[in-house]
Amino acid sequence: MITGFTLAPATLDSSIAANKGFLLSQGGNKESVGSSNRNSLLEGSESLAEKENIDIYSSVEDIALPNNNYLSEEEYDEKFRMLQEAETIQMTEDMFSTYYGEINKQPEAYVGKRIKMSGFVFKEDGLASNQLVISRFQITQ
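Here UniProt numbering is used: the first residue of the sequence shown is 1, the next is one more, and so on.
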């Protein structure tokens, strides 16, 4: 919970991955990001890959994993309609980002509706008895 309040939002963004260096692979396409010098990543280390003489930067099995995290246009429209009509909005994993964006775009359309979600609750000294901070991490790619 503390990280949500102590780390700046940029601390957890995608620039971390860009600075660390990684291999993006989809089918036969390979793109190396941030790895201009392969050897500098392992310099001075005694990793298992070095001991076993394994090239961690190439793989025979560069097969893209299926992306099952999608909705048809009809399914999306149905979930969006349910958002607008529901008295209690269920912030599910698959629609959290979309619902959050829509509610922030038009908050007046959702006044008086209840929101059900999982996340963190923080109570700080100085807040009134009926006040608390609701927090949740949202990581996007």
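The beta carbon of each residue, even a glycine, is placed where N, CA and C say it ideally should be.
Lys116 has its alpha-carbon roughly 9 Å from the corresponding atom of Thr92. Separation of Leu65 and Thr88 (C-alpha to C-alpha, rounded to the nearest whole angstrom) is 35 Å. Pairwise C-beta distances place the region 125 to 135 out of contact with the region 100 to 107, as fewer than three of them are shorter than 8 Å. Of the residues Asn67, Tyr99, Asn68, the one whose Cα lies closest to the Cα of Asp77 is Tyr99. Rounded to whole angstroms, the Cβ separation of Thr140 and Ser72 is 21 Å, and the two are not in contact under 8 Å. Nearest C-alpha to Val111 among Leu127, Ala86, Gly126: Ala86. For Ile139, the three-state secondary structure derived from DSSP is coil. In this structure, the beta-carbon distance from Lys79 to Met95 falls below 8 Å.
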